[in-house]
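Notes to accompany the following structure.
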Amino acid sequence: RGIGWSRCGDKIAYYQNGIRKKGGNNYYTLTFTVAFHHDCDLVYFAHCYPYTYTDLQRDLLALEQDPHIDRRFRRRRLCETLAGNPCDLITITSFCSDPAALRARRAIVITARVHPGESNASWVMKGMLDYL
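Each residue of the sequence shown is one higher than the one before, starting from 440 at the first, in my numbering.
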């Protein structure tokens, strides 16, 4: 039916299970209950909602086109990924200063989605960009 991703589950618990690793730390267990209402449904489980490369490009384009932030937001290609996709460098600052003052500013580097399965990091970065 094309319902898409939805949060579900009951009796969700994450706990230290008492099994020890060789280093002395414990393993943890995640348990949950899900009811399947239709016999032939195709169901996927994920730790976090997906955040795709397409989502990223759409969100960055929306930021680029927002007239309220164009004086503080710059996007340029840093490099290409192994898959050939552009990897962007986003700069957020006041660009109204003279170039020497811009070069003298301190910088903070924030990165997300270093590995393909880290969609939760992409959501954190989206929230950070929306906030800044």
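Cβ coordinates follow ideal geometry from the N, Cα and C atoms, glycine included.
Values in this document were obtained by computation on a predicted structure and should not be read as measured data.
Need the endpoints of the beta strand (DSSP E) that residue i sits in, please.
i	result
residue 493	No beta strand (DSSP E) contains residue 493, which is instead part of the alpha helix (DSSP H) from 492–504.
residue 450	449–459
Using alpha carbons as the reference points, say which of the options lies closest to residue i.
i	options	result
residue 530	451, 490, 538 and 515	515
residue 468	462, 479, 483 and 451	451
residue 556	544, 457, 492 and 498	492
With H, G and I counted as helix, E and B as strand and the rest as coil, what does DSSP make of residue i?
i	result
residue 537	coil
residue 544	coil
residue 465	strand
residue 568	helix
Kindly identify the DSSP beta-bridge partner or partners of residue i.
i	result
residue 531	512
Leaving out five residues before and five after residue i in sequence, what residues of the same chain have Cβ atoms less than 7 angstroms from its Cβ?
i	result
residue 508	502
Quick one: what's got a C-beta closer than 6 angstroms to residue i's C-beta in the same chain, skipping five residues either side?
i	result
residue 562	490
Compare the C-beta of residue i against all C-beta atoms of chain D and say whether one is closer than 8 angstroms.
i	result
residue 561	Going by chain labels, chain D is absent from the structure shown, which holds only one protein chain.
Could you tell me whether any non-hydrogen atom of the ligand PLP is closer than 7 angstroms to the CB of residue i?
i	result
residue 497	This structure lacks the ligand PLP; in fact it carries no ligand of any kind.
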